[in-house]
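A quick write-up on the structure given underneath.
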Amino acid sequence: MKRFSMWALSALLLASCATGEKPTASGLLKSNFQTEVDGKKTDLFVLRNANNMEVCITNFGGRIVSVMVPDREGVMRDVVLGFDSIRDYITIPSDFGASIGRYANRINQGRFTLDGVEYVLPRNNYGHCLHGGPNGFQYQVYDARQTGPQELELTYLSKDGEEGFPGNITCKVLMTLTDDNAIDIRYEAETDQPTIVNMTNHSYFNLDGDAGSNSDHLLTIDADYYTPVDSTFMTTGEIAPVEGTPMDFRTATPVGARIDDFDFVQLKNGNGYDHNWVLNTQRDITHKCVTLESPKTGIVLDVYTNEPGIQVYAGNFLDGTIMGKKGIVYNQRASVCLETQKYPDTPNKPDWPSAVLRPGEKYNSHCVFKFSIN
Numbered sequence: 000m001k002r003f004s005m006w007a008l009s010a011l012l013l014a015s016c017a018t019g020e021k022p023t024a025s026g027l028l029k030s031n032f033q034t035e036v037d038g039k040k041t042d043l044f045v046l047r048n049a050n051n052m053e054v055c056i057t058n059f060g061g062r063i064v065s066v067m068v069p070d071r072e073g074v075m076r077d078v079v080l081g082f083d084s085i086r087d088y089i090t091i092p093s094d095f096g097a098s099i100g101r102y103a104n105r106i107n108q109g110r111f112t113l114d115g116v117e118y119v120l121p122r123n124n125y126g127h128c129l130h131g132g133p134n135g136f137q138y139q140v141y142d143a144r145q146t147g148p149q150e151l152e153l154t155y156l157s158k159d160g161e162e163g164f165p166g167n168i169t170c171k172v173l174m175t176l177t178d179d180n181a182i183d184i185r186y187e188a189e190t191d192q193p194t195i196v197n198m199t200n201h202s203y204f205n206l207d208g209d210a211g212s213n214s215d216h217l218l219t220i221d222a223d224y225y226t227p228v229d230s231t232f233m234t235t236g237e238i239a240p241v242e243g244t245p246m247d248f249r250t251a252t253p254v255g256a257r258i259d260d261f262d263f264v265q266l267k268n269g270n271g272y273d274h275n276w277v278l279n280t281q282r283d284i285t286h287k288c289v290t291l292e293s294p295k296t297g298i299v300l301d302v303y304t305n306e307p308g309i310q311v312y313a314g315n316f317l318d319g320t321i322m323g324k325k326g327i328v329y330n331q332r333a334s335v336c337l338e339t340q341k342y343p344d345t346p347n348k349p350d351w352p353s354a355v356l357r358p359g360e361k362y363n364s365h366c367v368f369k370f371s372i373n
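Going left to right, the sequence shown walks through residues 0 to 373 as numbering that gives the first Met the number 0 numbers them.
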């Protein structure tokens, strides 16, 4: 794999020399992201701060393509999974780095009832609707406007009936790279009919920067409870304590320490960690809810949100068939996703925090990914 990676890097350098185009710090070429999808132009947008941190984003799916941060030795490392070109994002089904919508996570059997009307959605995951369906926001082209060297505004109009969801909604994703090495993401939406909205970012983080196993990554989740799932990954409606289970990350624990304990039925059902945790932070954006740390590089990722939950997915279904940036093969559990959100299937569980958006209201969701060094 290393030999192929060197070949891919050499090919990239040759391509950049041939065109005179300067690659980004992560080795990406903007020209590889410039095409048209359904008549809308795609591109690569580059954010940089005063510390030379770099974040690259494509408006195809509002995807974070690369994140370059320094490790404890000052070496810049790309800490998210993704592809070198728009072609791969279009042709290879994935959620890498995407701005997910209308509804992040699963809706049971692709059905929900709102104000007495039942809506039927496409079923694309074990009989359920996952991440807004097979043509969710991650496969749409956002309108992009870079308002400064550290800020990108993405907007998307999702029409009434798109993937079965009611209402025309105008969505906005504002991504800001701050000077304290944080990616600040704000989601907004307005609707002309009652509907449901639940957006998130689906970056696959690997803080080693080499897409190796995440088993040594230290994970801390400020949550006393989580929402169990059945064998189809659907939440059961129960809110269960983490105490005395492999779901307890209230103190820093290696991701791989208990992930294969399939005697615990939740890990068997999820094929590892693919669950929503009920955060203790009470939607307070100033309180850290999750920390992920690489002992190898010293890179630390702290997560903040005003949402009630976070889905932690440990890359259980990566299987070595996908080749990402620089020719690196993505094997099982090569990353950790940290998706701030409403709970899965909230529209069918009225006791859980609501995802309903009505005319005259504004949907606001806020997530911060802050990087530092231990």
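Cβ coordinates follow ideal geometry from the N, Cα and C atoms, glycine included.
Simplified DSSP state of V299, which is helix, strand or coil | strand
Given G96 as reference, the closest of G132, G208, S202 and V45 once Cα atoms are compared = S202
T194 vs P165 beta-carbon contact at 7 Å = yes
Does the region 65-76 touch the region 84-91, meaning 3 or more C-beta pairs lie closer than 8 Å?
-> no
Would you report the Cα separation of R341 and V196, rounded to the nearest angstrom?
-> The sequence shown places Lys at residue 341, not Arg. The straight-line gap from Cα to Cα measures roughly 9 Å.
Sort out for me which residues DSSP pairs M322 with in a bridge.
-> V328
Pick out whichever of C336, Y329, K324 and I321 has its Cα sitting closest to the Cα of V302.
-> C336
Is DSSP giving F316 helix, strand or coil here?
-> coil
Near H447, which residues of its chain fall below 7 Å by C-beta distance, leaving aside the five closest residues on each side in sequence?
-> Coverage of the chain is limited to positions 0 through 373, which leaves residue 447 absent and any answer about it impossible.
Alpha carbon to alpha carbon, what distance is there between H216 and S293?
-> 5 Å
Proximity to P358 [Cα-Cα], best of T190, K29, R47 and Q139 | T190
Given a threshold of 16 other Cβ atoms within 10 Å of its Cβ, counted over all protein chains shown, does S353 qualify as buried or as exposed?
-> exposed
Opposite T57 in the DSSP bridges: which residues?
-> L43 and R62
From L151, Q192 and Y125, pick the residue whose C-alpha is nearest to that of K158; which is it?
-> Q192
Is it right to say A251 is buried, meaning 16 or more other beta carbons lie within 10 angstroms of its own, or is it exposed?
-> exposed
In terms of residues, what are the limits of the beta strand (DSSP E) holding Q388?
-> Residue 388 lies beyond the range of the chain shown here (0 to 373); nothing can be said about it.
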